[in-house]
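Below is one structure, written out as structure tokens; comments come after it.
Written as structure tokens, this is what we have:
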């Protein structure tokens, strides 16, 4: 008897082929040079234009032949802290991280980075490359220091200035003069900015923008820069209080709002911005924006994509009182103020190769390393026919070098770079605090809410301040909560487990079993043991653990503290808005998306079920999208739905049909708050094919005699559908609905890939899903306690939904056999 | 009446009139008296078009702009109203009660959806009005199309056979249109993966068909290109410096090594032509065709004319906007090779990703099938105290969302030192999965007892009878579970995101996300990479389509 083979032989063959392919594939082994020490660097990407970095790496490897350097982006160092945190907490961190300086204190405070003071003290007299404070801009160095310890060595240092398009100023000279403004120089104060903005802005008849004078947050200024200019501080000097809502900050935000109001509101300006492209199609290069605040990196793009444009760079305009040194600013030394950011290189705790990491940092950030980088970058760009303008460095000597030895060939750009360099001395940095990332997120949120006129500047800043302050208070008051030795709960669980096993054993012994049955029972236990073991270790244990954690505050790096129901209180208290947002998003997504997919699938299945020829072909076609991996389809759809009509296929079609017909401008899809979820739903409908197969199976299962009998009774096709097909299909609908809702409530992958890169999950958190909220809290902020509490709420919501469905099911689901 | 209202009513009247006229024609052709409808339609058409603005030939349109949630709400309200109306007219008391209930439920749903709408601050509602502009020929064509449809319907009316044919044609048309809609994203993916960078976002509107720049072989006297060997690989280089017999060269190709320099022997270099871009421009007032000899540091381009003959060989410097590249329709295959070139070297041109995914998939499939089948067998066929209790627990875990155990599992695997390895991605499969155990148990229950009894008489133990007798009986179910596990583990993204920290352990799903965040500026490469990443799974689907279809059919059993 051939038990294995027969009709299913083909699949068996496939499986065998796959197995056979394994060893072949494993020949494709990663290129890791054996016998060398690995030095892993995260947060920098190797790409076609990173020849400087490559040259530094090659030079380092040449000087240290026993070290192999591996450079990986891994999304680290910037706005996506999750990967970095799981790696550090998981005990497999890289050796060096290129870290955004402002968020460094977040990590340092949690003990995730290594202090470098000892290494500096050891080498400062013996190694001329050793980084010491006097070699760097003081502000840049200060940003890498937290509570008196140095955690990172500054690398780049970007600052912002005003870019103004002289061509537009010339074209509008007459109007500017009529308004009493000088067309040959840029505005220097906030009120001048508004005056220029008024003249330089042009509207189309329908109220949308044709040309913008000044869009405060186009380019790169955020709210931080304007606030710094008005002497706003975001944190008290002792670092225990957040002062996001100070009057100077409020004034600065009000200034941004005023500028946007001159443009017909923030939404109007954003819609205008959405029509800009990248590179050559940038709105500033296209002469659609007259002035912008931007960082020195934009000079290189300017030289490359708009080399002939008549543009100049000036210090960013400041509050009037500061410029005229009056009022609160009477005794201020500096007329202009701007904002500096940049990255630094840090060594995470647990790094396997600290000595080599330190050697690399010393080398790469020294004058020698920077010279190698600049040489290689410049040679590369020029060989490709592109001009080269270096970004600024935190290293004083190196930054001087970019103005002399590597000065831009074009006089115009050399002067512009000079302005940036001269502004370095008056550049302020964000306060080094362990709530740096949160402060940043809240500042973005307050800005967004104010500019969208959802809140007044004061109220928005106060709301943000409250969130940050809560985190500060929680940190400084954590000592009042008792620390728990993790061994205690584990011991309790173990005891409970043993007791349970004992009870089960007793119960087992009470059964009177014959010898044969005992034999069978032993086998039974043995055969179910894999699942029982897996259940205990991977399901029951974790569930109990997560229940326990939900009553604690736990960041994995230090022992948990028992906080009682505080985590649950936070959901209905401080975090209520976000928490509700996540669940209402999921409800929207599930409530609209699941039925829509079901109906689409049913429609196709009904058409296919008419016995149409070529059914297999159509079936393949409709089913194919649903087997495409979620990450791949999300990447694809993000591109299909790109708001720019020169990129996104859907909006291109829209701009040729619906726009001229109905005058409706194309939606921003994933980039707009109102359409983001609908975009996700559309993607879900594209994958309706798997539902279709289920419907087809269900339709095949409907007994034909029912139709025949009803036809004899004179039933119309419509009656047949509603009276026979639907009731017969109702179990399938029910199954689909339950599975679909549970799946939709746990949506994660596609949102993760599709969301635009901003501080929020989709515009205005419109794509924030419960599991995403959990993931963020658990793996990005490492608030394991709060994340566990969310997990339990998700569990109960899904449970409630499922129970509700089972409760209501008998009312509409038709089973052949009454249960 | 304000003009917007007039427009709306006019539009509705025109549409209503058009429908009535069409129906009237249809009925007249059936020799039925339908003059009333026809006349009414004509009146509505005329009245409607009088309300609309004059001097434009267009199909008037109205469109309420609102998010999906409001559409659903509108649907609920309409459905509810229909139900209530039907209930009021229904003489049957039992049915009436049902209708009242479902109508009320629909209204409740509408209220819920309305609340959801309120929770989305950006969402707005607007009524758009406009029209599809229509030329005379368009109007005639549309009329002809409508006439053809009416005639077809009349023709079909004559016999059942004709009716069936018409229905089939309509079905095919609908299905084809649907397939096109479903296929467009794939087509777009393919097209984009072959486009060159300039066409990704063109100022002249979207580029649908891939083009490539026309180039000609060209030996550049100023910067000759050489071929040489470097570490056993053939590379194309420029010479940077010459000192005696030794030269320092700069690698141009392959992409992955671009920009590296090394010293070589002069004799080892072999000059090869570069590819110069063919362009058009205006030189000395005449349109010319030429080749780009040099891209200069300030962005200007040095162009050498090739035609017309009188300017041939002349060179001039142009600003980049004055030079138009000559292109032809063609596929840029280089996107595919370059996409792999830019992967981290540890990924060995993507093969390592493929290997990792295969390891995960194969082990998951084997583990899930083996463990689930053994456990299901025990639950189906063996008697032991506590079995029912255990099975109830198993059923309960089927509904457990993975979110609850996510964090502690991370801590457990971290404690085991399994982070940054593939272990957390496949080991759990070897403990079986609740749903598959449940499914297989149902199948084992249906296997006739006699088969196993016979095996027992032959002296088979439990394991032997499980392997040799029971397992082959449920092969279809195993195939289905294999397919589902395959898809699930091939697509799995969150677990790798949490556990994997280095490219040598990255599976494809995660690599795609990584690639898209690193290379969003180069959509051609990104789309090429995405295409390559979904190719294996599509191939498998075509190969084993039958099992996919069966799989869905069988999983439907859960609902029955």
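Residue numbers (this note's numbering), protein chains in the order written: chain E, 187 to 1005; chain U, 369 to 928. Note that beta-carbon positions come from the ideal geometry of N, C-alpha and C, so glycine has one too.
Asked	Found
Taking 6 Å as the limit between beta carbons, can you name the residues of its chain near residue 572/E, skipping five residues before and five after?	490
Have a look at residue 430/E and residue 350/E and give me their C-alpha separation to the nearest angstrom.	30 Å
Rounded to a whole number of angstroms, what is the C-alpha to C-alpha distance between residue 892/U and residue 602/U?	26 Å
Grab the span of the alpha helix (DSSP H) containing residue 460/U for me, first residue to last.	Careful: residue 460/U lies outside any alpha helix (DSSP H) and carries neither H nor E.
Could you give the residue range of the alpha helix (DSSP H) that holds residue 570/E?	Looking at the DSSP string, residue 570/E is not in any alpha helix (DSSP H), and its letter there is neither H nor E.
Quick check: what's the CA-CA separation for residue 907/U versus residue 568/E?	44 Å
Using a Cβ cut-off of 8 Å, pull out every chain U residue sitting near residue 770/E, in sequence order please.	484, 487
Does chain E have any CB closer than 9 Å to the CB of residue 678/U?	no
If we count Cβ pairs, one from each stretch, closer than 8 Å, do we get three or more for the stretch 531-550 of chain E versus the stretch 272-282 of chain E?	yes
Just checking my contact of residue 341/E with residue 551/E at CB under 8 Å: how many whole Å lie between their CB atoms?	6 Å
Should residue 616/E be labelled buried (16 or more other beta-carbon atoms within 10 Å of its own) or exposed?	buried
With burial defined as no fewer than 16 other Cβ atoms inside 10 Å of the residue's Cβ, what is the status of residue 621/E: buried or exposed?	buried
With 16 as the cutoff for other CB atoms within 10 Å, does residue 640/U come out buried or exposed?	exposed
Verify the CB distance criterion: does residue 858/U have a CB-CB separation below 9 Å to chain E?	yes
Closest by CA to residue 846/U, which one among 514/U, 480/U, 916/U?	916/U
For the putative contact between residue 404/E and residue 485/E, defined by C-beta atoms under 8 Å, what is the C-beta separation to the nearest angstrom?	At roughly 17 Å, the Cβ-Cβ gap does not stay under 8 Å, so residue 404/E and residue 485/E are not in contact.
Regarding residue 632/E and the ligand FAD, is the C-beta to nearest heavy atom distance less than 8 Å?	Ligands are entirely absent from the displayed structure, and the ligand FAD is therefore not among its contents.
Under three-state DSSP, which class holds residue 628/U?	coil
Quick check on DSSP: helix, strand or coil for residue 601/U?	strand
Helix, strand or coil, according to DSSP, for residue 684/U in the structure here?	strand
Could you pull the start and end residues of the beta strand (DSSP E) that residue 344/E belongs to?	344-351
To the nearest angstrom, report how far apart residue 995/E and residue 920/E are at their CA atoms.	7 Å
Can you give me the Cβ contacts of residue 722/E inside the same chain, cut-off strictly under 8 Å, excluding the 5 residues immediately before and after it?	683
Using a Cβ cut-off of 9 Å, which residues of the stretch 774-785 of chain U contact any Cβ in chain E, in chain order?	774, 775, 776, 777, 778, 779, 780, 781, 782, 785
State the start and end residues of the unbroken alpha helix (DSSP H) segment that holds residue 1039/E.	No information on residue 1039/E is available, as it lies outside the stretch 187 to 1005 that chain E covers here.
Beta strand (DSSP E) containing residue 401/E: first to last residue?	395-405
Spatial neighbours of residue 873/E within its chain, please: C-beta separation below 6 Å, excluding the five flanking residues on both sides.	811, 812
What is the residue span of the alpha helix (DSSP H) that residue 972/U lies within?	Residue 972/U lies beyond the residue range present for chain U, which begins at 369 and ends at 928; the question has no answer from this structure.
Can the beta-carbon of residue 373/E be found less than 9 Å from the beta-carbon of residue 290/E?	no
Find the residues of chain C that neighbour residue 980/E, judging by a C-beta separation of less than 8 Å, and give them in chain order.	This model lacks chain C altogether, as its protein chains are E and U.
Do you know how far the Cα of residue 717/E is from the Cα of residue 796/U?	10 Å
If you count every other CB in all the chains shown that lies within 10 Å of the CB of residue 465/U, and 16 or more means buried, which is it?	exposed
Per DSSP, which residues does residue 586/U bridge with? Please list them.	642/U
Can you pull the chain U neighbours of residue 710/E, defined as C-beta to C-beta under 8 Å?	746, 750, 751, 752, 755
Where are the alpha helix (DSSP H) runs, 4 residues long or more, that stay fully inside the stretch 807-860 of chain U, in chain order?	817-825, 830-833, 843-859
Using the Cα positions of residue 657/U and residue 680/U, report the straight-line distance between them to the nearest angstrom.	9 Å
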